[in-house]
Structure formats: structure tokens, C-alpha cells
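Below is one structure; the comments refer to it alone.
Residue numbers (my numbering): 562 to 1344.
Next up, the structure:
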């Protein structure tokens, strides 16, 4: 009985557990089924939403495609009009010119035809630029750019256009803006050119203000504001799109392709920023972009003013608030500058200067001032002060010719600074580029550089200031030279073989008290703030960058030396290949190089030929060294090309070499293959330059006169002159050239005439190594 009960209990327990397991299983399955149903419902809803979204996207895409097609059709219709209008103008004017006998009317017809041609070129350029951006994107170059000069110069190019509509065009540059940035100056000017052009086009009265604000942390805000017709809010979002404009009627009324802002938008995006527009109908427009640029030289004009020891009192005579604002922004925060503002010259003179008279008076030639001058031509005679006139370009002929300095609008910060602190640096516009150049007598300077081109450029530039110049090829030579010779100033390159400039400067500074006060100036292609700090930390007094700028050199010399006297010089270097006697080749600014050599065309031609010979195969050399992993050699050669190219006006080659050098310096190895290709492409222009200069030389160089029998020349005389040439060969080009010429005159018609011709040829071809061998062999044979 007991066993039966136990068996029954166990059976009941098993059934209870089975029931519980069955219930748990049922519950689990029910939950799984519920969750599965929920997921199915969710997928169904998502699928419906996705189908609905896809349908909406397709509808929007269809609407956008139809809108684009319509916009393109309108654009093509407008372009047909824009292309035909100037083309018809050109053809019509040419037809009229054929039947015109009046010279006056012929000039007017030609001017109209030229204007139509320029308009046609503008339209075509816009279309080509847009097509290029659409196909390959925007290519940016990174070179050292003076942002102040970049912005002010593009504004000046529109000065006449703005003046023709009686518009005030003003540039307001934050005086705290660093001097140099690493940027694409051309692209910045391209954006500003479009902004200013549109502002002039759509503004009938008032002003256009181009403003640069420095926000710190490498941020620069560039703005163009006008008082024109403005843009409606609903149209603002469309004007940056291709084939769209704020109003299709605008194209027909004002002309243009409507592609400009689309192009600018693409450039801005490539620079890592975007264009902002603030505009209301009838209240004008403000276009701006905030761009981040790497600072290279943090020196600002505000710092330069603060560093001036003397206190200045200046007066501004103007009834134009915009002109006054320019001066306030530049000087208002300076504790060492007192400003006085007057609406008329009469109110200035009536002040009596009881406390202190202004040293400089800026007179704005417009409004009330012009009325005063027309009434009394002697109104500008302000005693005991220096008058500087502020003129528009079209007022140059009306202003008269006298000793007053003249600044052209829109005013440049640097020119205002020069007018106050160093007026001798300003070009005298009425004197056709004549200016006062400082001369320094009895001063000896040493230039140290391992690059022969840089040595010769610096030598000619410094001798133009009346200085005695000695040369050295590396830091060790400089140290040895300075210890045995007294110099008044040293220009020292930083990157050199044997001993670099930093090491040499430290050695000189700590070698004894006699050299503690010797001014040492770093002269280098490295322009970053870090490089400047390194130079100053090594004991150097200042840091200037290549290519050498005569104005910068002059300012520096005036800082360290007392000026003996000033001489008035008239620049004979003119634009254009025919005027300068130099070829006109893309990628080369040979006029600037000629100015650095004080107009010495023959020297520039010889240096350019040597540059071509030295570096025409440098692309292959760089690639081979890169393939071999010799990156230090690649960087060194790129540095040489950059320095020599910048001084000789080879701007594209120098920029490509600089980009390659920076990439290596910053370990940006991924970009090296493309930069090497860019370097090689830029060097492809050297054979063309070489041929162009040889062609000029062939047509301009006089033939060597036939030899006449001369008196006997002794070998000892030849050895003495050849030794002199050998000594100066790699150090002083001008002296070497003079010695070679003297040697040729000595040997003319003698038994050594053939030797003289060989020496002359090798020297002219910069075959210095072979020339030294020839000289050494002759001396050894005849000693």
C-alpha cells in the first residue's frame, strides 16, 4: 500500500513538472511569436515609409531635373545673347571703321570695339573657368602671400570703374593683420574680383567697402559691402548655383554669365570655407568668407607703428567719413600718434597750432577741399608741415606738379605709414617713378650664401646703395673672414653646407666682445615665425626673406646706418619685353628680377642662362634621388632651386620647389609624387627661356672685333691676371667680369689671344669649373 502511494506521488510530481515546463514553453513561444509579429509590422511600416520616401525623392529629383533643364535652357538663351551682343559690336564697329575718315571718330569706334572684345573675353573666360572646376575641381597653390597687398591691389584695379560711377571704393585692412600668410593669393583675388565687379555693376550711388578683419588663431574675415540694389531673401539661396541667377532679367539688363558666384563658391569650398551673403532689396549686399590661413610672418603694421620711438602728430583734411575711417582704424589705438581731423583747409589753418603743429597733413581732394583749391590755388600752402594729397587716378593730371607727395585711392595702409614715417620710400607719381634712394658711404658689408645667383643679386643690389660688398660661400668662410676683416653689417644665409648660418651666428656672437655689436641679418627663403625665432635666438639682429626686396633692404640699412645723402633715381625698367630687352614668358617675372639687379640686363641674362643650364634636368635628378630614398638631397636641391628661382623671377618654378621643400620638411610624404610631377612640369619652361635669351643675345651682342697685332705679352703678366680671375671667380661676379674683360684687352692680337677667347667663352657660359682647370693648367705649365 505504501509503495503504491509513493509511486502515485512520484507520478503526480512528474506530471506537475511536465505541466510547468509545457506552460513555460508555451509562454516562451507565445512571446517569440508576438515579437516576430511586431517585427513584421515594423518592417511593413518601414517599407511603406521607405516606398513613400523613395517616391518623394523621385518626384523631387524629377522636379529638380526639370528645373535644371529649364535653367540650362534659359542660361543657353542668355549666353547666346551675351556672346552675340559683343561680337556684333566688334563686327559693327569694324564695318563702321572701314567707312570712317575722321580720326576722332576712328578712336571712338576702336574704343567701342575694344570694350566689346573685352566683354566677349570675360564671358568666354567665365564659361571656361566653370567648365574646368566642374571637370577637375579647384587647384590651389600654397605660397607666401602679403594679404594686405593682395587685397589692396585687386581693389585698385577697380578704382577707375568705381570712379566712373562716382562710387567711393574703400579698403579697410585691420592693422593687426600679419604681413605674410601661406595661401593662394590668386584665388583670393579671383573671389574679390567677382565681388567688387558685381558691387560696381549693381550699385548706382554710395560706396563699396572692402574689409579685412583679423580674428586671431589664423582666421581672416574678408568682406565686400555695397549700397546697391540688394537681393531678395527668396533669391539668396539660388545665386550660388550654376545656371541660376537671382533674376533672369538681371542678365539681360546688366550683362554677364551668372557663373561668377558659382565659380567663387567652388573656390571657397576648396579653401575650406563658404561664402555668406547678407542682403535686402534696396539696402545693398554684403558678401563675406571666413578663411583659415597659416601665418608665415606675424609682423603687422600696427606693431611697426608701436615700435616707432618718436611721437607723431598728423592731420587729415576731409569731409568724407570713409576716408576718415581709414586713418582712425590705422592710428586710433596707437599711443604715440595724435590725430586731428578737419573738413576744410581753412579750419586747419585757423587752429594756429598753439600746442604742436602736425608734421604731416593728408588732404583729400574732393568735396569742400576741391572747392577751396579751385577758389585759391595757394590754399595748400601749409607752413612748417608736409602735405600729402589723396587723389583718384583721374585727378593726377589736375593736381599739378610740385613737391607734395600723392597717395592714390583706395588708400593703402603701407603707403600711409610710409608717408608719415619714411616718405623717401614713396614713388613720386608726377616724377614718373622717380624716388629718393639712400646712399651710404664708407660702409662695408659681407654677404654669405652658398648659391652663386643669390650672391650676385645681393651684391648688385647693395652696391646700388653705395656700399662696399664682400662675398663668402658658407658659414665657415664667413667666420674666418669676419675675424680678420672689419665689417659694418653681415647678411647671412641660414641653410648652407660646411657650416650653416645659425651655427656661424652663434660662434660669432660668443667669440668675443668685439663682435657683440656687429649687426647680423638672416637672409633666407624660410619665412615662418619659427624660422624667425631661430634666427633671433642664434644672436642675429633681424630676419629678411628671399627674394630680396630693394625697399626692404633700404629700410633695414637706414635702421642700422646713418644716411650719407639721398639721390633721385628714375626707373628705366619698363613693362613689356620690348621695353625691358627681356623675353616675356609665362611663369617668369623678369621685370622684378631686373629691378633687383638695378637694371643690369646683361647680368640678368647671364644668370638666367646659368639657371637654365644648372636646373633644366633637375626634374629627373629630383625623381632619381626620391626613388633612391635620398630625401635630404631632394630637400636640399629644392631649397636651392627655390632661392635662385625667386631672385631671378622664376615664380612658378620657385613656388613648386617651395611646396616640395615644405612637404619634405613637414614629413608629408604622400604628396611627394604629385609635387615632384609639378616640379618637373614647371622646369619644362627652362629650354624655352634659354632659347629666348640666346636669341636676344645673338641679335644684341656685338661681334668681337678682329684681332690686331699687339705688343708682346709676357707669360708672367698672363699668370698674374689669370690668378686674379681665379681668386674672384666664385665670389664676385662683377669684379670677375671686369678682370676677364681686362685680360681679353691685354691679350688681344697677342700669342695668348686664343686663350683669352677661351676664358671669355667659359666665363660667359658659367663653365667655372672648366675655366678653373684651364687657368690652373696654364699657370702650372708656364710657372
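Note that CB positions come from ideal geometry on N, CA and C, so glycine has one too.
{"query": "Among 1068, 1062, 1113, nearest to residue 999 - alpha-carbon criterion", "result": "1113"}
{"query": "Residue 852: first and last residue of the uninterrupted beta strand (DSSP E) it sits in", "result": "846-853"}
{"query": "As assigned by DSSP and simplified to three states, the class of residue 768", "result": "strand"}
{"query": "Buried or exposed by the 16-neighbour rule on C-beta atoms within 10 Å, applied to residue 810", "result": "For residue 810, the predicted structure reports a pLDDT of 47, less than 50, and the residue's modelled location is therefore unreliable. The matter cannot be settled from this model."}
{"query": "Chain D within 9 Å of residue 926, Cβ atoms only", "result": "The chain inventory of the structure shown lacks chain D, comprising one protein chain alone."}
{"query": "Residue closest to residue 1184, alpha-carbon to alpha-carbon, out of 1177, 1174, 1195, 1176", "result": "1195"}
{"query": "Residue 930 to residue 1026 span [Cα, whole Å]", "result": "40 Å"}
{"query": "Euclidean distance between Cα positions of residue 789 and residue 1177", "result": "53 Å"}
{"query": "Other residues of its chain near residue 851: CB distance less than 7 Å, five sequence neighbours each side excluded", "result": "780, 782, 834"}
{"query": "Among 709, 1334, 565, nearest to residue 774 - alpha-carbon criterion", "result": "709"}
{"query": "Beta carbon of residue 723 nearer than 9 Å to that of residue 730", "result": "yes"}
{"query": "Cβ-Cβ distance between residue 898 and residue 866 below 9 Å", "result": "yes"}
{"query": "Contact check, residue 741 vs residue 787, beta carbons under 9 Å", "result": "no"}
{"query": "6 Å CB neighbourhood of residue 655 in its chain, flanking five on each side removed", "result": "none"}
{"query": "Status (buried if at least 16 other CB within 10 Å, exposed otherwise) for residue 794", "result": "exposed"}
{"query": "From 590, 1105, 569, 1098, residue whose alpha carbon lies closest to that of residue 1085", "result": "1105"}
{"query": "Classification of residue 571 by the beta-carbon crowding that lies within 10 angstroms, buried from 16 upward", "result": "exposed"}
{"query": "Sufficient close CB pairs (3 or more, under 8 Å) joining the region 1201-1218 to the region 1157-1177", "result": "yes"}
{"query": "Where residue 1306 falls, given that 16 or more other Cβ within 10 Å makes a residue buried", "result": "exposed"}
{"query": "Validate contact between the region 866-881 and the region 825-845 using beta carbons, cut 8 Å, 3 pairs", "result": "no"}
{"query": "Neighbourhood of residue 1157 by C-beta distance below 7 Å, restricted to the same chain and skipping five residues each side", "result": "1018, 1022, 1108, 1109, 1111, 1208"}
{"query": "Nearest neighbour of residue 784, chosen from 1234, 754, 778 [CA to CA]", "result": "754"}
{"query": "Residue 1254 vs residue 1166 beta-carbon contact at 9 Å", "result": "yes"}
{"query": "Unbroken stretches of the beta strand (DSSP E), 3 residues or longer, contained in the region 919-961", "result": "921-925, 947-952"}
{"query": "Three CB pairs or more closer than 8 Å across the region 1064-1074 and the region 1210-1222", "result": "no"}
{"query": "Beta-carbon contacts of residue 1076 that lie in its chain and below 8 Å, excluding the five residues immediately before and after", "result": "1043, 1069, 1070"}
{"query": "Which of helix, strand or coil DSSP assigns to residue 732", "result": "strand"}
{"query": "With 16 other Cβ atoms within 10 Å as the buried cut-off, status of residue 906", "result": "buried"}
{"query": "Continuous alpha helix (DSSP H) stretch holding residue 825: start and end", "result": "821-831"}
{"query": "Helix, strand or coil at residue 787 according to DSSP, with G and I counted as helix", "result": "strand"}
{"query": "Distance, residue 1171 Cα to residue 1290 Cα", "result": "14 Å"}
{"query": "Three-way DSSP call (helix, strand, coil) for residue 840 in this model", "result": "strand"}
{"query": "Extent of the continuous beta strand (DSSP E) run through residue 1008", "result": "1005-1009"}
{"query": "Residue range of the beta strand (DSSP E) that includes residue 1053", "result": "1050-1053"}
{"query": "Residues that DSSP places opposite residue 834 in a beta bridge", "result": "Paired residue(s): none; residue 834 is not in a bridge."}
{"query": "Boundaries of the alpha helix (DSSP H) in which residue 908 is found, first to last residue", "result": "906-911"}
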